[in-house]
Structures are given as C-alpha cells and as structure tokens.
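Remarks on the structure that follows.
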Amino acid sequence: MRVRDHRDWEDVRSVVLMTEGKYCTAEPFVEGDHDLRIQKIGDHYRAYRRRSVSGTWKTNTGCSVVEEIPLAPAYKMWADEASGMFGGLDVCTVDAICEAETGREYILEVNGTSSGLLPDHSDEDNTHIRDIVLNKMNSVLCAELEQER
C-alpha cells in the first residue's frame, strides 16, 4: 500500500491492526522508472526491463512494455546468489526496481518456478527446464540402479 499522507496512514493502520501481532514492515517508497526481472534457468540467464505505459505508479501492473536487455555481470551475480541462498535453485527470478531519480536498483523479491516465462522465449526456456529435470531424474535413477547392483 502506498501512504501519501496521514489519511492514507489511517487506512493502513486499520489493516495492520487486523494482523494481530504478526510481522509487518514499512519501507520508503521508491519512485520507479522501470523494473527488472533477471531469470536463471540452469546455466541460462535472461534480463528484462519492464516500463509502465498506463501511468500507474506500479511498473508491474496495468499496461507495460517488456524488453530483453543485456545481462549485466551484477544481474548474473544477483541470480546466482539468490539461487545459492535457497539451496541452489535451478530455476529462479530476481525482481528489482530502478529508482527514477538516481538510477539505483533495489532488489524487491526472489521467485522460484512460479515466476512464469515470457512468451517470446518460452519454447527455448521450457526446453532448458525439461533438460534440467531429465538430467536430475537420470542422475537419481542411475545412482539407484548402481546401488542395487
């Protein structure tokens, strides 16, 4: 929720009170120029920039334009570090926002397999996912067969 003034805060306050002692946090608002999605599927990476064209303050809602951009070394590191933090995820995405005024990038979240694939590369990305699954299955099943011998 975006809080612009004390009236908005009253609305947020009533929602927070319903959480009954559960964890809640407030963060400064970052005016985003665009957001980023860094996708890791095994050893294959993609980076996307998404810009709102609908005028909403959320760059990931409404009508937007998505373009593939070069994978900066920092973006690859983000995906690799996020993957490692969760035990070595084979498939994950890192979402970030780029601050309009300064150009600074802030990581917002890490997604697993629920992050979805963009249509332009979905066939290729699904092939990479298929290969990862088949290699893991073969590795596990072949190891079990060897143990039985």
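Residue numbers (full-length UniProt numbering): 1 to 149.
By construction, the Cβ of each residue, glycine as well, lies at the ideal position given by its N, Cα and C atoms.
Quick one: using the 10 Å Cβ neighbour count with 16 as the cut-off for buried, is residue i buried or exposed?
{"i": "residue 102", "result": "exposed"}
{"i": "residue 52", "result": "buried"}
{"i": "residue 130", "result": "exposed"}
{"i": "residue 141", "result": "exposed"}
{"i": "residue 69", "result": "exposed"}
{"i": "residue 42", "result": "exposed"}
{"i": "residue 94", "result": "buried"}
{"i": "residue 34", "result": "buried"}
{"i": "residue 48", "result": "buried"}
{"i": "residue 74", "result": "exposed"}
{"i": "residue 104", "result": "exposed"}
{"i": "residue 145", "result": "exposed"}
Between residue i and residue j, what straight-line distance do the alpha-carbon atoms span, to the nearest angstrom?
{"i": "residue 110", "j": "residue 4", "result": "27 Å"}
{"i": "residue 2", "j": "residue 27", "result": "10 Å"}
{"i": "residue 64", "j": "residue 54", "result": "7 Å"}
{"i": "residue 118", "j": "residue 21", "result": "38 Å"}
{"i": "residue 17", "j": "residue 32", "result": "29 Å"}
{"i": "residue 133", "j": "residue 13", "result": "46 Å"}
{"i": "residue 78", "j": "residue 8", "result": "34 Å"}
{"i": "residue 106", "j": "residue 36", "result": "9 Å"}
{"i": "residue 136", "j": "residue 143", "result": "11 Å"}
{"i": "residue 123", "j": "residue 148", "result": "37 Å"}
{"i": "residue 100", "j": "residue 72", "result": "19 Å"}
{"i": "residue 10", "j": "residue 46", "result": "41 Å"}
{"i": "residue 84", "j": "residue 96", "result": "18 Å"}
{"i": "residue 86", "j": "residue 6", "result": "39 Å"}
{"i": "residue 108", "j": "residue 98", "result": "10 Å"}
{"i": "residue 81", "j": "residue 40", "result": "11 Å"}
{"i": "residue 125", "j": "residue 24", "result": "36 Å"}
{"i": "residue 128", "j": "residue 19", "result": "41 Å"}
Can you round the beta-carbon distance between residue i and residue j to whole angstroms, since I take them to be within the 8 Å contact cut?
{"i": "residue 91", "j": "residue 112", "result": "7 Å"}
{"i": "residue 50", "j": "residue 66", "result": "5 Å"}
Let me know the beta strand (DSSP E) ranges lying completely inside the UniProt domain "Synapsin ATP-binding" (2-138), each 3 residues or longer, listed in chain order.
32-41, 44-52, 64-69, 91-99 and 105-111
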